[in-house]
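Working notes, structure below.
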Amino acid sequence: MHHRSLLCLTVLLSLCLGSFTLAAFAAKQPEHWVGTWATSPVGVVNKEGDAGSTGTTYREIVHVSLGGSSVRIVLTNEFGTAPLTIGAAHIALSAGQDSISLTTANALTFSGNPSITIPAGGVAVSDPVELKLPPLSDLTISLFVPAQPISQLSVHTYADQTSYTAPGNVVGERVLEQPTSIYSWPFLKGVDVLVGAESASVVTLGDSITDGALSTRDANARWPDVLAKRLHDNKKTAELGVLNEGIGGNRVLHDVAGPSALARFDRDVLSQAGVKYLVIMESINDIGHAKDPIKPYDVVSADDLIAGLDQLAQRAHIHGIRVIGATLTPYVGAKYASPAGEAMRQAVNQWIRTTKDFDGVIDFDKATRDPANPSVFLPSCDSGDHLHPADGGYKIMGDSIDLNLFAK
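With mature numbering (1 follows the signal peptide of the UniProt record, and there is no 0) applied, the sequence shown corresponds to residues -26 to -1, 1 to 382, in that order.
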């Protein structure tokens, strides 16, 4: 009896110690930085000289995916031709429109300094600040850009999100006086959060369809937004953020609307914090312009595009990133559509569905096409230009994604 009691006590102590050890191990898991929001800047000539002509505050609103305990931002002068000075920066939760929540407000510093000069072609990362950032919330970043010569801006031009400018340095004001609405994200490249070791990010690389063109402004109705909410609501994927690296007009092979996907890959994918997954949906602009029935240019073949997509996948795999290919949505009826272009789209989609280069596939074509006429959108998906989805189409795209692709 004594031996049995001693054995039970030993087993109990072992279980307790084991539980304590597991708990201690879990507690010691390191936090790391993961992207919660990002965008792809392009170079825009400052034709009117508005930016930099006088000191201006840019109050930019972004909708984050992951929450976190601390936050940092990434600024860009990647397309600038001269150094860019940011005189002050500020961060807070949004209180709606140009208002901020003062109880969450923080001044930002850069290597301990309240201002920073970013070299031409460069980026800058702020020092972290403690901020309880809820997932799927709106965050406000205010930047004061003092008067300076700026010939070319680094900016995401089509944000589908209202931000604001105001005269002078008013980064810490609760509400802006004399605000002017803008619909772009100048000088801002990303937001990272400090999160647990299990967290990571999903980069969505694409063109205007990934960027959310023609979706309702300020509604966060892009398909990556739909994906972000679904990931958050699913226990197995709740620790994943989504970074939208779509650029309207972008192509895989040629620099036109910003650098090509091949050229910007390191900057827009590999430089992001905590990337674990990459979704690639791009080629329709390559096809449309190459097979334009009126004025074709930058001619490419299906094999050229397949080789380009293959290169993107291989470059991601080198860095341990799982790559998910997405089929191209219907485009017959669009201005640059043609029978030859549709044949090329079908060939590229067939390769995407069957290649072993990808770790998974999302069939956006199947989700959005009209079964009675598979070359065109379902009426409920079409924005009216026969190329870009409407809000309902973006939702169908986001809802069609198998979340098990991100649970590995």
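Using N, Cα and C, we set each Cβ at its ideal position, and we do this for glycine too.
Segments of 3+ residues assigned as beta strand (DSSP E) that fall wholly inside the stretch 302 to 356: 334 to 336 and 347 to 351, all fully within the stretch 302 to 356.
Counted within 10 angstroms of its Cβ, other Cβ atoms place histidine 263 as buried (16 or more) or exposed: buried
Cβ contact (3+ pairs, closer than 8 Å) linking the stretch 275 to 286 and the stretch 367 to 379: no
Sufficient close CB pairs (3 or more, under 8 Å) joining the stretch 145 to 157 to the stretch 85 to 94: no
Local conformation of phenylalanine 53 per DSSP, three classes: coil
Between the CA atoms of valine 8 and aspartate 242 - distance to the nearest angstrom: 14 Å
At least three beta-carbon pairs within less than 8 Å, the stretch 91 to 110 to the stretch 35 to 46: Touching, per the Cβ criterion.
Length of the line joining the Cα atoms of glutamate 213 and phenylalanine 380: 10 Å
Classification of asparagine 378 by the beta-carbon crowding that lies within 10 angstroms, buried from 16 upward: Around the C-beta of asparagine 378, fewer than 16 other C-beta atoms lie within 10 Å, and the residue is accordingly described as exposed.
Test item: CB-CB of asparagine 20 and leucine 117 under 8 Å: no
Span separating the alpha-carbon of alanine 193 from that of glycine 164: If you take the alpha carbons of alanine 193 and glycine 164, they lie about 20 Å apart.
When Val273, Ala235 and Tyr132 are compared against alanine 290, the one with the closest alpha-carbon: Ala235
DSSP state of aspartate 112 mapped onto helix, strand, coil: Strand at aspartate 112.
With 16 other Cβ atoms within 10 Å as the buried cut-off, status of alanine 228: Note on identity: in this sequence residue 228 is histidine, with alanine being the wrong assignment. Per the 10 Å Cβ criterion, buried.
Contact under 8 Å by Cβ, residue 389 with leucine 49: The structure shown has nothing for residue 389, since the chain only spans -26 to 382.
Buried or exposed by the 16-neighbour rule on C-beta atoms within 10 Å, applied to threonine 211: buried
For aspartate 240, the three-state DSSP class (helix, strand or coil): helix
Which of helix, strand or coil DSSP assigns to proline 198: Proline 198: helix per DSSP, three-state reduction.
Contact check, proline 93 vs proline 57, beta carbons under 8 Å: Cβ atoms of proline 93 and proline 57: closer than 8 Å.
Candidates Thr301, Pro348 and Val335: closest to tyrosine 251 by CA position: Among Thr301, Pro348 and Val335, the Cα nearest to that of tyrosine 251 belongs to Val335.
N- and C-terminal bounds of the beta strand (DSSP E) containing histidine 130: For histidine 130, the uninterrupted beta strand (DSSP E) segment begins and ends at 126 to 130.
Residues of its chain near aspartate 373, where Cβ-Cβ distance is below 6 Å and the 5 sequence neighbours each way are ignored: none
Spatial neighbours of asparagine 259 in its chain, beta-carbon cut-off 7 Å, leaving aside the 5 residues before and after: Asp181, Gly223, Asn224 and Arg225
Residue nearest to valine 249 in terms of C-alpha spacing, selected from Phe332, Thr178, Glu52 and Gly142: Thr178
Test item: CB-CB of isoleucine 124 and alanine 12 under 8 Å: no
Selected residue, minimal CA-CA separation from proline 353, among Arg33, Val306 and Thr131: Closest in C-alpha terms to proline 353, from the list Arg33, Val306 and Thr131, comes Val306.
Where arginine 204 falls: helix, strand or coil (DSSP): helix
Sufficient close CB pairs (3 or more, under 8 Å) joining the stretch 132 to 143 to the stretch 73 to 82: no
Same chain only: Cβ atoms within 8 Å of alanine -3, ignoring 5 sequence neighbours per side: At alanine -3, the pLDDT of 45 sits below 50, so the modelled position is not reliable and the matter cannot be decided from this model.
Cβ shell of alanine 79 (< 8 Å), same chain only, five flanking positions each side left out: Excluding sequence neighbours, alanine 79 sits near His64, Ile65, Ala66 and Gly146.
Whole alpha helix (DSSP H) elements within the stretch 116 to 169, 4-residue minimum: none
DSSP state of threonine 28 mapped onto helix, strand, coil: coil
Unbroken alpha helix (DSSP H) run spanning histidine 263, endpoints: 258 to 264
CB-CB length for methionine 255 against threonine 184, believed under 8 Å: That belief holds up - the Cβ atoms of methionine 255 and threonine 184 are roughly 6 Å apart, short of 8 Å.
Serine 312 beta carbon less than 8 Å from that of lysine 265: yes
Valine 129 classed as buried or exposed, judged by whether at least 16 other C-beta atoms fall within 10 angstroms: buried
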